[in-house]
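Q:
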Amino acid sequence: MLQGKQSWVFANKPVILAGAAIGGPFEANGLLADDFDLLHKDLWLEEESYEKAHKMLLEEACNKAVNKANMELSNVQFLLAGDLLNQMTPTNFAAEALDLPYLGVFGACSTSMEGLALASFIVNYGGANYCLTGASSHNAAVEKQFRYPTEYGGQKPPTAQWTVTGAGVGLVSNVGVGPHVTSATIGKVINMGLKDPFNMGGAMAPAAVDTIKAHFKDLGRDPSYYDLIVTGDLGKIGRQVSMDMLKEQGFNLSEEQYQDCGLLIYKEGQPVLAGGSGAGCSAVVLYGHLLNEMARGKWKRILVVATGALLSPLSFQQKESIPCIAHAVSIEMGGN
Numbered sequence: 091m092l093q094g095k096q097s098w099v100f101a102n103k104p105v106i107l108a109g110a111a112i113g114g115p116f117e118a119n120g121l122l123a124d125d126f127d128l129l130h131k132d133l134w135l136e137e138e139s140y141e142k143a144h145k146m147l148l149e150e151a152c153n154k155a156v157n158k159a160n161m162e163l164s165n166v167q168f169l170l171a172g173d174l175l176n177q178m179t180p181t182n183f184a185a186e187a188l189d190l191p192y193l194g195v196f197g198a199c200s201t202s203m204e205g206l207a208l209a210s211f212i213v214n215y216g217g218a219n220y221c222l223t224g225a226s227s228h229n230a231a232v233e234k235q236f237r238y239p240t241e242y243g244g245q246k247p248p249t250a251q252w253t254v255t256g257a258g259v260g261l262v263s264n265v266g267v268g269p270h271v272t273s274a275t276i277g278k279v280i281n282m283g284l285k286d287p288f289n290m291g292g293a294m295a296p297a298a299v300d301t302i303k304a305h306f307k308d309l310g311r312d313p314s315y316y317d318l319i320v321t322g323d324l325g326k327i328g329r330q331v332s333m334d335m336l337k338e339q340g341f342n343l344s345e346e347q348y349q350d351c352g353l354l355i356y357k358e359g360q361p362v363l364a365g366g367s368g369a370g371c372s373a374v375v376l377y378g379h380l381l382n383e384m385a386r387g388k389w390k391r392i393l394v395v396a397t398g399a400l401l402s403p404l405s406f407q408q409k410e411s412i413p414c415i416a417h418a419v420s421i422e423m424g425g426n
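Each residue of the sequence shown is one higher than the last, beginning at 91 in this note's numbering.
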């Protein structure tokens with residue numbers, strides 16, 4: 091099961107029975123609008139606050155994933171999920187409403203793959219027959235906590251990224267038809283001393299490279315094994331930095347093979363600066379777009395490397411640098 095220093099190989103090849111992606115109005119105008127199961131017309135979702143709207147995103151995604159698998163929510167043993175807000179409050183309240191045994195997971199924007207790795211581990215060893223796992227974010231709620239309320243209208247530098255309003259959830263099982271989760275590499279905290287909260291991509295790039303290198307080393311693979319290697323939300327800046335770092339260390343990846351969820355989700359004309367971000371970014375891209383493309387036969391083997399900046403308002407106020415992490419999960423059609 092443990093392979094190398096920090097990777098797991100799942101002998102029983104857990105299956106992603108279904109995925110669901112819920113988005114907001116900005117995502118409805120993006121490149122991947124057709125891959126969402128539901129797109130809301132406004133940020134409020136008919137709730138009294140952005141935080142309550144955030145909670146609803148995850149609830150809807152969980153219910154949609156279960157419905158797509160023709161199952162009942164009561165059949166699910168565990169929910170593993172998280173978000174970016176204080177103590178993951180929206181996810182906690184969603185877990186209450188869903189009435190499921192719950193493991194809260196926080197890895198900032200790496201939460202989606204942290205949750206998928208752990209859910210697959212649990213299912214692989216018979217700890218559950220069905221696990222729901224996912225992550226969510228809400229642009230207005232997250233911006234209010236980590237930067238400025240959107241109503242403030244503060245200007246941002248070109249290195250900044252746009253927080254995705256969305257929730258992505260997968261239903262992982264020990265039986266059934268779908269893409270298989272075959273391995274996972276758990277990342278280490280990497281801190282290069284960067285302190286700019288408006289350059290998350292640059293801060294996270296070294297963590298992505300460290301995890302990708304560890305994955306190849308532990309599993310004895312090279313990039314040619316995968317049809318697609320996609321990072322979580324490095325954006326334009328971080329993706330280029332990570333590509334340069336990988337090439338310096340002998341990993342030559344093409345522009346087509348090495349992509350980024352933060353660059354896939356929005357159109358060129360949308361004012362997202364360096365790209366998309368947020369815990370919901372890699373979640374909605376994987377459980378919507380990427381799984382759909384795998385089902386259509388475009389890719390057989392993909393490696394999803396979700397990246398997270400583990401800062402908080404408190405650490406920023408104390409002038410700390412930004413610790414970062416990345417977790418990688420390999421997903422394969424057929425599980426071979």
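Backbone N, C-alpha and C fix where the C-beta goes; we use that ideal spot for every residue, glycine too.
In this text the structure is predicted, and so the values were computed from the model without any measurement.
Taking the beta strand (DSSP E) that Cys-351 belongs to, which residues open and close that run?
A: Taken as a continuous stretch (DSSP letters only), Cys-351 belongs to no beta strand (DSSP E), being part of the alpha helix (DSSP H) at 351–354.
Q: Leaving out five residues on either side along the sequence, give the residues of the same chain with a beta carbon under 8 Å from the beta carbon of Leu-400.
A: Gly-197, Ala-198, Val-279, Ile-412, Pro-413, Cys-414 and Ile-415
Q: What is the rounded straight-line gap between the Cα of Gln-235 and the Cα of Asp-173?
A: 12 Å
Q: Taking Cβ positions, are Gly-378 and Asp-125 nearer each other than 8 Å?
A: yes
Q: Between the Cα of Ala-231 and the Cα atoms of Glu-162, Ser-97, Glu-138 and Ser-344, which residue gives the shortest distance?
A: Glu-138
Q: For the beta strand (DSSP E) containing Tyr-377, name the first residue and the last one.
A: Premise fails: Tyr-377 is in no beta strand (DSSP E) and is neither H nor E.
Q: Are the beta-carbon atoms belonging to Ala-373 and Ala-209 less than 8 Å from one another?
A: Going by C-beta atoms, Ala-373 is not nearer than 8 Å to Ala-209.
Q: With distances taken between CB atoms, is the gap from Leu-309 to Ser-273 smaller than 8 Å?
A: yes
Q: Say whether the segment 320–335 touches the segment 290–298, bearing in mind that this needs 3 or more beta-carbon pairs closer than 8 Å, one atom from each stretch.
A: yes
Q: Using the DSSP secondary-structure output, state which residues sit across from Ile-106 in a beta bridge.
A: Val-262
Q: Assuming Ala-418 and Thr-301 are in contact, meaning their beta carbons sit under 8 Å apart, how far apart are those beta carbons, in whole angstroms?
A: 5 Å
Q: How about the segment 246–265 and the segment 110–128: do they share at least three Cβ pairs that are nearer than 8 Å?
A: yes
Q: Considering only their Cβ atoms, is the gap separating Asp-350 from Gly-368 smaller than 8 Å?
A: Cβ atoms of Gly-368 and Asp-350: not closer than 8 Å.
Q: Between Trp-389 and the rest of its own chain, which residues show a CB-CB distance below 7 Å, the 5 nearest in sequence each way excluded?
A: Asp-317, Leu-318 and Glu-383
Q: For His-417, does the three-state DSSP call read helix, strand or coil?
A: His-417: strand per DSSP, three-state reduction.
Q: Starting from Val-271, follow the beta strand (DSSP E) in both directions and report where the run begins and ends.
A: 270–275
Q: How is the alpha helix (DSSP H) around Phe-236 delimited, first residue to last?
A: 229–236
Q: Which of the three DSSP states is assigned to Thr-249 in this structure?
A: coil
Q: What are the boundary residues of the beta strand (DSSP E) that includes Val-386?
A: A small fix is needed here, since residue 386 is Arg in this sequence, not Val. Where Arg-386 is concerned, there is no enclosing beta strand (DSSP E), given that its DSSP letter is neither H nor E.
Q: Return the CA-CA distance between Gln-251 and Ile-392, expressed in angstroms with no decimal places.
A: So the alpha carbons of these two residues sit roughly 24 Å apart.
Q: Starting from Val-99, follow its DSSP beta bridges and name the residues at the other end.
A: Ser-273
Q: Distance, Cα to Cα, Gly-120 vs Ala-171?
A: 25 Å
Q: Go ahead and label Lys-95 buried or exposed: buried means 16 or more other beta carbons lie within 10 angstroms of its beta carbon, across all protein chains shown.
A: exposed
Q: If Leu-190 sits next to Val-166, beta carbons under 8 Å apart, how far is it from one beta carbon to the other, in whole angstroms?
A: With 8 Å as the limit, Leu-190 and Val-166 qualify as a contact, their Cβ atoms being about 6 Å apart.
Q: Give me the residue from Gly-268, Lys-307, Thr-321 and Pro-361 with the minimum Cα distance to Lys-158.
A: Gly-268
Q: Give the DSSP-derived three-state secondary structure of Leu-336 in the structure shown.
A: It is helical.
Q: Need the endpoints of the alpha helix (DSSP H) that Ile-302 sits in, please.
A: 290–309
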